[in-house]
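Heads up, the thing below is written out as structure tokens.
In the working numbering, the protein residues as written are 1 to 213.
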């Protein structure tokens, strides 16, 4: 997708004019300026309908980070890179492309009312015809993936373990399968070990996209 320079400029102009108001609206880990956030979203959708953003801050220390992504759609990676590449230098906030690896990786994540622990999920990473296939195993695999908060939790864990960019560009398929009673007997490994296994395998494949099944 070709970058829309006019709309990218419009977005950053809007951010420059309003970022102080947004930062001043911060309460704990949330922002109260809903109208501003809605304006940001509206402009981003004009650039690329898959663009997303969220804010992070490490225990109230250092600048706020505004992190842009594309919701797992590899065709929009260029839009993220073009957008962040045009970002201005502003005090109190940093602009980053994609969710990076976390250290330490969180042991649990709450999604809505669901409390999800990393130890509950297992995986297998297989190289098939020069492409990496990631299988995630969990109990009672849902028929509708989008409706299960555990799926969202696993995606957050995957970003933390291997990073959003490499998840999109190194993993060919991501499959969700039923966790067997004795996962070790099937050669499965706890999800917390994915980073080490992935880093050993990733250089043997060419960068590609991701297909969700």
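Idealized CB from N, CA, C, for every residue including glycine.
None of the values given here were measured: they were computed from a predicted structure.
For residue 125, the closest C-alpha among the options 99, 177, 194, 182 is that of 194.
The region 77-85 makes contact with the region 42-57; the number of CB pairs closer than 8 Å reaches 3 or more. By the neighbour-count definition (other C-beta atoms within 10 Å, threshold 16), residue 62 is an exposed residue.
Using a C-beta cut-off of 8 Å, the region 137-154 makes no contact with the region 90-107, since fewer than three inter-stretch Cβ pairs fall below that distance. DSSP places residue 110 within a strand segment (E or B) once states are collapsed to three. Bridge partners of residue 127 according to DSSP: 132.
Between the region 80-89 and the region 112-119, the count of C-beta pairs closer than 8 Å stays below three; the two stretches do not touch. Residue environment: residue 150 is assigned as buried (16 or more neighbouring CB atoms within 10 Å of its CB, all protein chains considered). Residues 31, 33, 36, 37 of the same chain have their beta carbon placed closer than 8 Å to that of residue 22, with the five preceding and five following residues left out of the count. Per the DSSP secondary-structure output, residue 190 pairs in a beta bridge with 122.
One Cα belongs to residue 96, the other to residue 88, and the distance between them is close to 12 Å. Assignment of residue 177 by DSSP, reduced to helix, strand and coil, places it in the strand class. Cβ-Cβ distances below 8 Å link residue 180 to 137, 186, 188 in the same chain, with the five nearest sequence neighbours on each side left out; the list follows chain order. Closest in C-alpha terms to residue 70, from the list 204, 168, 64, comes 168.
Cα atoms of residue 67 and residue 162: separation of roughly 16 Å, rounded to the nearest angstrom.
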